[in-house]
Every structure is written in structure tokens, then in C-alpha cells.
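Just below is one structure, and these are the notes that go with it.
Protein chains: 2
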Amino acid sequence: MSERQPTLRERQRSETRRLVQAHAVRLFTDHGYDAVTVADVAEAAGVSAMTVYRHFPTKEDLVLIDQPAQLIAEQVAASSAMQPLVRRVGGALIDAATALTDGNGDEPGADERFLLDCLRLMVSTPALRARHLDSQYALQQAIVDSLGDDASDPDAAFRAQAATSACMAAMHTALTRWAEDDGHTKLPDLIARALAASFGGDAVASHRED
Amino acid sequence: MSERQPTLRERQRSETRRLVQAHAVRLFTDHGYDAVTVADVAEAAGVSAMTVYRHFPTKEDLVLIDQPAQLIAEQVAASSAMQPLVRRVGGALIDAATALTDGNGDEPGADERFLLDCLRLMVSTPALRARHLDSQYALQQAIVDSLGDDASDPDAAFRAQAATSACMAAMHTALTRWAEDDGHTKLPDLIARALAASFGGDAVASHRED
DNA sequence: ACCATCACGTTAGTGACTAACATTTTGAGC
DNA sequence: GCTCAAAATGTTAGTCACTAACGTGATGGT
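Chains A and B supply the protein sequences, listed in that same order. For the first sequence, the numbering used here puts the final residue at 210, and the numbers step up evenly by one. For the second sequence, the numbering used here puts the final residue at 1210, and the numbers step up evenly by one.
Printed below as a string of C-alpha cells:
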């Protein structure tokens, strides 16, 4: 509670942002993404349509959540280069999910509940699903870069792309299931199971970091 | 050459469709997807903008190619249920790619060249890439359905989703590489290599259908 | 207290896409 | 060949996402 955003302006700005996003997700969930216009969201939040676009570049960005790309990429870069690719990437994904959904015992908190609402919209709405898949694709590129394999070998780069994309796909399956289960199942466990189903149990079993 | 579309109307319709699409891909490639309006495409093809929308529901559909979902799904359904999931799906993907890029020795034909142009646009343009990833996601659902596992076991369904999505991701990597290589490398080989990099060489090695 | 900056509002515009209606062209029966 | 229903296309008007330009009031450092 010490280093709060100092200036009042920044606090108000992030507050309106949060407000707009909250109203947007609620309206989208209640009436459907396509049936709600940006003007509707603006009116519900008590701002002008232009303000919505100042905070969110597109209507889709009202729902899309920032993937912790930085966190995952660092975890991948820190992993041992001796391990097989899918274990390096898969382990990093599990660790990142653990870090994200950490402090909760069984019931998700308010933040996590909002995240689940967004995820459900992303899975069910075609336009949002497409954008979400593409943002995962961007994250994939970041992970491949952080793998640190020499760029001189195009074949190694291809293998890194293939293995990473497969891991991301498994994680996406876990994410979808997590949203369907309303967050009741632990996300890291779901990811581990998805990875095991894809690459075999031995590829991820010995990951425990005790 | 025997069972041509009988009626003249249908021939003309598919001909204008082909014409519009050809002009669209050419203009998009030359000037960029975002810089070309649907009105531009219509004018280049000598039709009205409304006619473009009659043939293609959205601007993006001018570039997106129909994935042979039916073919792949049938091949998956016909595969032995005894094999591991990734081998069943991966094998079907390789077979489908083989069937698609069949008759060419080294140089791609006109159809394949057009397909490569579309693919390059899909990879480089964010909006098209997103839609393409989502259409692959739809194909994934079709494959999972055709796997024929009992719907009574939700855990088995989850594993099928995870394994299939990972295979699709590997194939997408191969497809991207194929477009980058301008079709010089054989697509089935690329898919096999991507699958091997993800799941290990033994998961796909013994697939040769001599 | 002064003033540059920032958040927000307003307006006008572009472009993707839809709905409704008019027009022409094709195909099938007579 | 003629007629008529259906299909393909054109035209117009409209909605909505999104952008650019400009104005206004509040904020915060000096």
C-alpha cells in the first residue's frame, strides 16, 4: 500500500478505464457482444464514445486481457536449455499460471471472477475468439524469441516454433476448460493435464519445483 | 471434364466469384490489405460493391480459403482408434495435405500459387491472421467430433481437445513455413517435421503408408 | 498565480456491412 | 418463340466501428 500512483490524474484515468471496462463486460455478457454498441458502453459508463476509444483502441480490446507475456518469456529464458522444448515452454506456462492464480484457496476473488467473465466472452464470441487466438500467437513469437536458440539454424527455429505453438494450443484448451468450469478447477493443473494429453505424461510429470 | 456445372447461370456466378477474388488478392498483395477498400476491389473486377458482398460475406473472406474440413474429418474417423491421439490426428493432417498438393513435381501449379498468395496475406495481415486462426479452431472442433470418443467421459473429451489443438498448432506452423518457402518444400514433409518437433519423432515416424 | 499538459467532449468524416427495392438476365414450361 | 418465376446484379439509404481535428476545463509543477 506504499507506492500508490502518486498523481491524482493517473488515478482518475485508470479508474474511468476500469469503470468503462466493467460496464462493457457486463453489457456484453447480458445482451451479447454484437448487440451492444460502443455508444451504449459509453453511455452506461457515463462518458463519451471518444473516451472509450482513448482507453481501448478497439471494441474488442474492452474484453481482451493482457497476457503476462513478459513474465512467461522471462521464465522460459530462465529454464534450462538442456530440457526438451515442450518441457521448457510447458513448465513456464504452468509456472506463470500458478503465479497468476496464486492466493486463492477454492473460491476465486473479484479480479479472477472478472477474468473469467472476459474469458467466457472470448470463447463464445467469434470476433473476440479470433483476436484472442491472434494475441496468443503474438505471445508465441515472444516465447520463441526468449528460447534463445541460435537464429543461424533455420531448422532449429522451425522446431522451436512448432513445439511452442503446440504448447500454446494445449494451454488454450486448458484456459477454455477453466472458463467452462467457472474457475473451480485449478488452472495450473488443467494446463499440466492438457500438456500430458498432448505430449505424454513424462513430458511434464517431473516438473514439481519443491 | 465431364460433369461441368450444367447451368450457365452457375458457371457465370462462379466465374465472377473467381474474378472478384483474384482481383482482391492481387490488390491486397500489391497495396496492402488495409489500404484497399471493398469498393476498390469491386471497381477492379468491374462489378458493384454489393456484388462483392453477395459472394463473400466479409472483406476477410476474400482471402480466407475453405479448409477441407470434410476430408480431414473423414480421415480422422477412419483412423484406428488404437493409436495415440496425436498420431491419429497428425496422420490425417499429413494425408490431407498430401491429397491437396498431390500432382505437382517441384513447381506449384496456378491453383497452388494462388493459395500461397492467400496464405502469405493471412500470415502477414493481423485481421486475416486472426480469422484464419479462428477457422482452424472451427476445424479443430470438427476433428474432435470425428474422433468418436464417448461424450460421457469429460476427461477424455478434454484430452482429445488438447491433443487435437496441439496437432493443429503444429500444422499451422508448417503452413506458415510453407508460405515463407513459397511452396518449395513439400507441405506433408513440413507437417511431419513440425509434428516430430512437438511430439517426438516416434509419434509420427511410422506413418508411411507404402 | 501562471501556464503547459492531460483528460475529455464535439464534430465531421471514412469504410465495412445491411436492408429494401428496382432492373436485368436466365431457364423452364408452353 | 413466348411467358413468367427465379436468380444475379445494381442502387440507395442507413448503422456502426473507428479516426482526425479542434475546443474546453481541470491538474500540477513552477
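Glycine included, each C-beta is placed from N, C-alpha and C at the ideal position. Keep in mind it's a predicted model, so treat the numbers as computed, not measured.
is_contact[residue i, chain B] using C-beta, thresh 8 Å
i: H207 (chain A); result: In this prediction, H207 (chain A) scores a pLDDT of 46, lower than 50, which makes its location untrustworthy; no coordinate-derived value is stated.
i: L133 (chain A); result: yes
i: G161 (chain A); result: Looking at the sequence shown, residue 161 (chain A) is not Gly but Gln. So yes, Q161 (chain A) belongs to the interface.
i: H184 (chain A); result: no
i: P188 (chain A); result: no
i: T58 (chain A); result: no
i: S79 (chain A); result: no
i: A130 (chain A); result: yes
i: Y137 (chain A); result: yes
i: R120 (chain A); result: no
i: F114 (chain A); result: no
i: A170 (chain A); result: yes
i: R177 (chain A); result: yes
DSSP-derived helix/strand/coil call for residue i
i: A1035 (chain B); result: coil
i: A1049 (chain B); result: helix
i: H132 (chain A); result: helix
i: Q83 (chain A); result: coil
i: K1059 (chain B); result: helix
i: I1065 (chain B); result: coil
i: D111 (chain A); result: helix
i: H1184 (chain B); result: coil
i: G200 (chain A); result: coil
i: S152 (chain A); result: coil
i: T1029 (chain B); result: helix
i: D1102 (chain B); result: coil
i: P6 (chain A); result: coil
i: T1016 (chain B); result: helix
i: T1125 (chain B); result: coil
i: L1147 (chain B); result: coil
Proximity winner among the options, relative to residue i (alpha-carbon distances)
i: A1156 (chain B); options: A:R193, A:T185, A:M171 and A:Q136; result: A:R193
i: V163 (chain A); options: A:D95, A:L27, A:K59 and A:R87; result: For the sequence presented, residue 163 (chain A) should be read as Ala rather than Val. Comparing Cα-Cα distances from A163 (chain A) to each of A:D95, A:L27, A:K59 and A:R87, the minimum goes to A:R87.
i: Q1067 (chain B); options: B:L1147, B:S1198 and B:H1172; result: B:H1172
i: L1175 (chain B); options: B:I1094, B:H1023 and B:V1047; result: B:I1094
i: I1072 (chain B); options: B:E1180, B:S1198 and B:M1168; result: B:M1168
i: R120 (chain A); options: A:P188, A:W178 and A:R159; result: A:W178
i: A1160 (chain B); options: B:V1144, B:S1152, B:A1151 and B:A1170; result: B:V1144
i: V1063 (chain B); options: B:R1129, B:R1011, B:A1077 and B:S1014; result: B:R1129
i: T42 (chain A); options: A:T16, A:A97, A:D30 and A:C118; result: The displayed chain sequence assigns Ala, not Thr, to residue 42 (chain A). Selected option, being the one with the closest Cα: A:T16.
i: S1080 (chain B); options: B:G1109, B:S1146 and B:E1180; result: B:S1146
i: Y53 (chain A); options: A:V38, A:L115, A:G46 and A:A77; result: A:V38
i: G46 (chain A); options: A:P6, A:P188, A:D34 and A:A24; result: A:A24
i: E112 (chain A); options: A:P6, A:V36, A:R13 and A:L187; result: A:L187
i: T51 (chain A); options: A:L115, A:R13 and A:V36; result: A:R13
i: L1139 (chain B); options: B:P1057, B:F1114 and B:A1166; result: B:A1166
Test: residue i CB closer than 8 Å to a CB of chain A
i: R1088 (chain B); result: no
i: F1199 (chain B); result: yes
i: S1165 (chain B); result: yes
i: T1029 (chain B); result: no
i: T1173 (chain B); result: yes
i: M1082 (chain B); result: no
i: A1022 (chain B); result: no
i: R1096 (chain B); result: According to the sequence provided, residue 1096 (chain B) is Ala. The question's Arg does not apply to it. No, no contact with chain A.
i: P1126 (chain B); result: yes
i: A1044 (chain B); result: no
i: A1194 (chain B); result: yes
Residue i, buried or exposed, once every other Cβ within 10 Å from all chains shown has been counted against 16
i: S1135 (chain B); result: buried
i: M122 (chain A); result: buried
i: S1048 (chain B); result: exposed
i: P1154 (chain B); result: exposed
i: Q1075 (chain B); result: buried
i: S152 (chain A); result: exposed
i: H132 (chain A); result: buried
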